[in-house]
Every structure is written in structure tokens, then in C-alpha cells.
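If you count by the UniProt record's numbering, then the sequence shown holds residues 1 to 492, one letter each, in order. Ideal placement from N, C-alpha and C gives every residue a C-beta, glycine not left out. Remember, it's a predicted structure, so these values are computed and weren't measured experimentally.
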Amino acid sequence: MIPVILSGGTGSRLWPLSRRAYPKQFLPLLNEQSMFQQTLARLPETEVEAPVIVANEDHRFLVQEQLSAIGKAPQSILLEPFGRNTAPAVALAAIEVARRDPRAVMLVLPADHAIDQTEPFHKAIAEGMKVARDGNLVLFGITPDRPETGYGYVAAGNPELEPNESRPVRQFIEKPDAATARTLLEEGGYYWNSGMFMFRADVYLAELKKHSRDIYDTVLLAAKSLEQDMGFKRIPAEIFEHCPEDSIDYAVMEKTTRATLVPLDAGWNDVGAWSSIWDISNKDDQRNAVFSDACLRETSGCLVHAPDKLVAMVGVEDLVVVDTKDALMVARRDCVQDVKHVVNELKSQARSETEVHREVFRPWGSYDSIDNGNRFQVKRITVKPGEKLSLQKHHHRAEHWIIVRGTAEVTRDEETFLLSENESTYIPIGSVHRLLNPGKIPLELIEVQSGAYLGEDDIERLDDQYGRTPQETESGYDEVEEEAIPVMMTRA
Numbered sequence: 001m002i003p004v005i006l007s008g009g010t011g012s013r014l015w016p017l018s019r020r021a022y023p024k025q026f027l028p029l030l031n032e033q034s035m036f037q038q039t040l041a042r043l044p045e046t047e048v049e050a051p052v053i054v055a056n057e058d059h060r061f062l063v064q065e066q067l068s069a070i071g072k073a074p075q076s077i078l079l080e081p082f083g084r085n086t087a088p089a090v091a092l093a094a095i096e097v098a099r100r101d102p103r104a105v106m107l108v109l110p111a112d113h114a115i116d117q118t119e120p121f122h123k124a125i126a127e128g129m130k131v132a133r134d135g136n137l138v139l140f141g142i143t144p145d146r147p148e149t150g151y152g153y154v155a156a157g158n159p160e161l162e163p164n165e166s167r168p169v170r171q172f173i174e175k176p177d178a179a180t181a182r183t184l185l186e187e188g189g190y191y192w193n194s195g196m197f198m199f200r201a202d203v204y205l206a207e208l209k210k211h212s213r214d215i216y217d218t219v220l221l222a223a224k225s226l227e228q229d230m231g232f233k234r235i236p237a238e239i240f241e242h243c244p245e246d247s248i249d250y251a252v253m254e255k256t257t258r259a260t261l262v263p264l265d266a267g268w269n270d271v272g273a274w275s276s277i278w279d280i281s282n283k284d285d286q287r288n289a290v291f292s293d294a295c296l297r298e299t300s301g302c303l304v305h306a307p308d309k310l311v312a313m314v315g316v317e318d319l320v321v322v323d324t325k326d327a328l329m330v331a332r333r334d335c336v337q338d339v340k341h342v343v344n345e346l347k348s349q350a351r352s353e354t355e356v357h358r359e360v361f362r363p364w365g366s367y368d369s370i371d372n373g374n375r376f377q378v379k380r381i382t383v384k385p386g387e388k389l390s391l392q393k394h395h396h397r398a399e400h401w402i403i404v405r406g407t408a409e410v411t412r413d414e415e416t417f418l419l420s421e422n423e424s425t426y427i428p429i430g431s432v433h434r435l436l437n438p439g440k441i442p443l444e445l446i447e448v449q450s451g452a453y454l455g456e457d458d459i460e461r462l463d464d465q466y467g468r469t470p471q472e473t474e475s476g477y478d479e480v481e482e483e484a485i486p487v488m489m490t491r492a
């Protein structure tokens with residue numbers, strides 16, 4: 001079995017913590033590990049090959065770093081230039097898998113789900129393997145415990161079967177209103193659509209070709225032109241932009257005759273909004289979920305997430321309060337689905353708070369813009385041990401660097417020298433420079449920028465170990481002729 005992890009979402013309903021450049025799947029929302037890491041950690045330990053990751057190219061270093069942190073080596077990391085929903089993303093992964101073994105079984109998992117109970121999850125996977133090997137397209141259906149209106153439903157046949165046995169899919173039902181959701185729960189035989197799937201690579205591609213030919217043809221063309229780049233495989237934007245945008249459900253599952261449901265009752269949650277975080281979090285006697293220093297009086301049913309400051313709340317109930325370094329969001333708990341509309345409004349105003357946090361993460365470390373004004377900006381910079389920034393120069397700003405912790409190796413034009421704690425240096429406008437951490441502890445420094453223009457695009461990179469300069473990429477990729485994929489599938 002080959003896990004395929006889909007990690008391309010933006011999680012706009014979990015703003016302001018989740019942002020485009022650092023979305024919810026990479027955040028430690030529930031414990032010390034991110035949901036992306038937890039998705040990999042809960043996989044069975046046997047009969048599971050290295051995963052295929054499908055991610056947005058803007059998140060490539062986040063993916064790489066988080067895989068390394070939990071000791072997971074991927075089979076492939078496919079980088080989407082932009083999202084086209086799940087059907088094309090899974091098709092690209094299926095072609096990647098089919099190059100090695102067209103009959104390999106893929107377990108498709110979104111990277112932003114929570115599952116409390118590992119044992120029943122593993123049992124459901126084992127049940128799914130039985131029917132997926134025979135050429136069925138498996139959907140994991142969540143056993144509902146309430147009349148939920150936020151999920152789509154799936155009607156499954158053969159109610160006389162054992163609770164965990166697979167059963168044929170009869171019907172897909174769009175997100176219902178409250179009355180319909182209560183009826184579905186009372187009647188039984190209906191499941192929440194989890195968005196988790198299992199099928200053979202060749203079978204999925206055959207069904208995609210049959211029911212959504214435009215997606216199949218475009219993805220096949222894109223797969224022939226993947227570019228190898230520093231351990232990643234880039235999907236060409238000029239081809240992928242022509243791919244129709246559609247989900248697995250609409251493109252394949254609702255049209256195929258091979259759809260099979262495997263029930264799953266394992267404490268699943270798609271963590272789609274702040275109300276979901278409240279649902280699955282530990283709470284105090286007044287049903288408050290608190291993730292920060294807080295003083296609460298006559299307050300109940302609230303969620304508080306404000307790690308950088310004390311929050312005091314008096315006489316309120318059912319609120320969500322989320323504070324970051326540059327944004328504060330307050331909402332009624334039953335209205336948090338509408339946070340995405342706030343994000344859309346901010347996007348229309350070109351506000352950076354939807355894109356990045358004040359603290360911005362880079363492959364070498366991070367920087368936090370702690371102050372700025374007319375012609376100056378102050379940043380706190382952290383460089384990880386052994387890492388270095390690109391060799392670069394600025395055309396509109398000069399910089400002062402003051403070392404706070406650790407040792408810095410500084411390149412400035414023709415000279416290279418070391419700086420220790422409490423030492424500083426000056427980088428004039430136009431000077432070619434580089435910063436490196438040669439030590440074994442993080443390097444921390446304060447950077448004071450001054451000049452007529454202080455934007456991040458005033459960087460001319462001359463050399464970069466992370467491939468962020470324009471350069472010819474090695475293909476190194478064995479192309480598969482279009483006719484080869486159908487041949488693979490006829491052997492099924």
C-alpha cells in the first residue's frame with residue numbers, strides 16, 4: 001500500500017492562524033506535531049511503502065522539513081503550481097505510482113484530518129485493502145453521531161452486514177439542511193463522506209479516463225513533463241492551468257459503478273473550522289477550550305487561542321478568540337464557518353495578513369518584522385544550525401546586523417569574518433553579502449534596514465542552495481507514452 005498525502009489546502013476558515021504561506025495542515029493545532037505529521041504517524045507500520053506527497057510548490061520546504069523532523073522519507077513530492085482540487089492531484093500521484101506498479105493500492109488521505117483512535121482506523125484500512133485489490137474504489141464513510149449539516153452524506157447498501165464490512169455505495173447526498181440531516185441519522189445506513197479513499201492506481205486512472213476525460217488527458221500530458229528539482233517533481237504550470245478543477249467525488253466516485261464504502265468509526269474530524277478545534281479539544285468545567293494564558297469569569301463554551309498575551313473574558317459564552325502577532329479574530333462559535341468570507345474580503349483589499357504571518361518561515365530559518373516606519377524596518381532573524389541565506393545584494397537598502405545569540409559567518413563583498421554575541425556589522429547598499437550559521441545552536445540576530453525601499457523583492461540572488469534562483473532543472477524523469485497507461489490498465 002502506498003499512502004498518497006494531499007496537503008495543498010489553505011485552511012481559510014482557520015484564519016488568522018492558518019494562512020496561505022503557512023496553512024493549517026502544517027500547524028501544531030492539536031499537539032506538538034502538525035496534522036500533516038500526524039497523518040503520516042498514524043499509518044500502519046507494516047505493508048506500507050514510502051508516501052507520495054502532493055503539495056503546493058510554495059510549501060515545498062515546509063513539507064521537506066516536517067518529513068525530516070519525524071524521520072519519514074517520501075517516495076515522491078509532487079509540487080502543484082496552483083490547486084485544481086483532488087481529482088487531478090490524485091491522478092498525478094496515480095501516474096507516479098503506476099510507473100512502478102500499476103496494480104499498487106493507493107491510500108489517499110488529506111493532510112488536515114484528525115483521527116483519535118488508531119486501531120479501528122487500521123482495521124478499516126485492512127478491510128479496504130481486500131476490496132481495493134479486486135478493483136473497487138473505496139470511500140471511507142464516517143459513522144455519524146449527530147445530524148451534521150457541514151458534511152456530504154453517502155448512502156450505502158446491505159444494512160445486514162457487520163458494522164465494519166464493506167458495502168456498495170447507493171447514493172451521494174449533498175450537504176443537507178438540519179431537518180434532512182436528522183432524518184438521515186434516524187433512518188440509518190448513511191455515512192459522512194470523509195474524503196479518504198483507497199484504490200489501485202490503474203483502476204482510478206481507468207475510471208477517470210472514462211468519466212472525466214479532460215482531466216485525464218491534461219494530467220497525463222503534465223505527467224510527461226515533470227521537472228526534477230532538488231528532490232521535488234514540479235508540475236508544469238503552462239499545462240496544469242488548462243486542467244479542469246474537480247473533486248474525486250464529482251469526477252469519479254459519483255459516476256463509477258465500482259464505488260464501495262468501508263465504515264469508519266474512529267473519532268474522525270476534518271478540522272475544517274475553529275468549532276472543530278473546540279469539539280475535539282480538552283475543556284474545563286465551563287466547556288472552555290483554552291490554548292493560552294487566560295483569566296475567565298462567568299465564561300462558558302469558548303475557545304481561546306492567544307499564545308503571546310494574557311486574555312481576560314467576563315460574562316460571555318460560545319465565543320472564539322484567536323490572536324496572532326498581527327491579527328485578532330473574534331466570532332460566535334456557531335458563525336466560524338463564515339471566517340472564510342472575512343478572508344475573501346481581506347484578499348480583495350490586498351491585505352498581507354491573508355498570505356503570511358508577521359513571522360515568515362524560510363528553508364534556512366525565519367524572520368519576524370518587529371517594527372517598521374518611514375525608511376526603516378527592524379527584524380528578528382533566526383538561522384538554523386548549518387544553514388545559510390542566499391548570496392545576495394540590495395539596490396535600495398542598507399542593513400545593520402547585531403548578533404544576539406550564537407555565531408555568524410558573514411560574507412561581505414571580498415571578505416569573510418565571524419561575529420559573536422553582542423558584535424555587529426554594516427552591509428552597505430549594493431554590497432554582495434551572505435549570512436551563515438556555522439554553529440550547533442540557532443543563530444539569532446537583529447537586522448535594522450534603512451533606505452528608500454524595504455520590500456522583500458529588493459533581493460538580487462546571486463547564489464542559492466535552495467534553488468530559488470532561475471536555473472535549468474534536470475529532468476531525470478522517465479517519460480511514459482500515452483498508450484502505456486491504458487495498456488497497464490487492461491492488465492487489471
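By the C-beta criterion, the segment 260-271 is judged to be in contact with the segment 124-143, since at least 3 inter-stretch pairs fall below 8 Å. DSSP lists no bridge partner for Ala-93.
Only residues of its own chain outside the window of five on either side were considered, and among them Leu-6, Ser-247 and Ile-248 have a CB closer than 7 Å to the CB of Thr-86, listed in chain order. Using a Cβ-Cβ distance cut-off of 8 Å, the segment 265-281 and the segment 102-113 are in contact, since at least three pairs of beta carbons, one from each stretch, lie closer than that value. Of the residues assessed, Asn-437 falls on the buried side of the cut-off, its CB having 16 or more other CB atoms within 10 angstroms. In the three-state DSSP reduction, His-357 falls in the coil class, being neither helix nor strand.
Nearest to Gly-83 by C-alpha distance, out of Cys-243, Asp-177 and Tyr-22, is Cys-243.
Beta-bridge partners of Glu-399 (DSSP): Ile-427 and Gln-449. Contact between Arg-405 and Glu-444 holds: CB atoms are separated by about 4 Å, below the 8 Å threshold.
Here the C-alpha atom of Gln-349 lies approximately 30 Å from the C-alpha atom of Trp-278.
Assignment of beta strand (DSSP E) within the segment 266-316, counting only whole runs of 3 or more residues, yields 294-297, 303-305 and 311-314 in chain order. Below 8 Å, enough C-beta pairs join the segment 274-294 and the segment 303-315 to call them touching: three or more. When secondary structure is reduced to three states using DSSP, Ala-259 falls in the strand class. A contact is defined here as three or more CB-CB pairs under 8 Å, and the segment 445-455 meets this definition with respect to the segment 386-400. For Tyr-466, the closest alpha carbon among the candidates Leu-62, Lys-24, Thr-46 and Leu-30 is that of Leu-62. Taking every protein chain shown into account, the CB of Thr-256 has 16 or more other CB atoms within 10 angstroms, so this residue is buried. Across the structure, Gly-188 and Lys-130 are spaced so that their CA atoms are roughly 25 Å apart.
Setting aside the 5 residues that flank it on each side, Ala-124 is surrounded in the same chain by Phe-140, Asn-164, Val-262, Pro-263, Leu-264 and Ala-266, each with a C-beta closer than 8 Å to its C-beta; the list follows chain order.
Rounded to whole angstroms, Glu-456 and Arg-213 show a C-alpha spacing of 42 Å.
In this structure Phe-197 is buried. Its beta-carbon is surrounded by 16 or more other beta-carbon atoms within 10 angstroms. Secondary structure at Lys-379: strand, using DSSP grouped into helix, strand and coil. Exclusion of the five residues before and after Pro-428 leaves Ala-398 as the residues of its chain whose Cβ lies within less than 7 Å of its Cβ. At the C-beta level, Leu-107 and Ala-93 stay beyond 8 Å of one another. In this structure, Thr-149 is the residue among Asp-323, Thr-149, Phe-232 and Leu-226 with its C-alpha nearest to the C-alpha of Trp-192.
At the C-beta level, Ser-420 and Thr-407 come within 8 Å of one another. In the DSSP secondary-structure assignment, Asp-368 is bridged to Glu-359 and Arg-380.
Residue pairing by DSSP places Met-253 opposite no residue, since no beta bridge is assigned to it. Three or more Cβ pairs closer than 8 Å define a contact, and the segment 12-21 falls short of that threshold against the segment 95-109.
Residue pairing by DSSP puts Val-138 in a beta bridge opposite Met-198 and Thr-260.
Per DSSP, the continuous beta strand (DSSP E) segment holding Lys-233 begins and ends at 232-234.
Ser-34 carries a coil assignment under DSSP once its states are collapsed to helix, strand and coil.
DSSP, read as helix, strand or coil, puts Pro-28 in coil. Residue burial is scored here from C-beta neighbours: Leu-43 has at least 16 other C-beta atoms within 10 angstroms and is therefore classed as buried.
In the assembly as shown, Ile-403 is a buried residue. Its beta-carbon has 16 or more other beta-carbons within 10 Å. Assigned with DSSP and collapsed to three states, Ala-50 falls in coil, not helix or strand. Contact between Glu-254 and Phe-172 holds, since their C-beta atoms are separated by about 5 Å, short of 8 Å.
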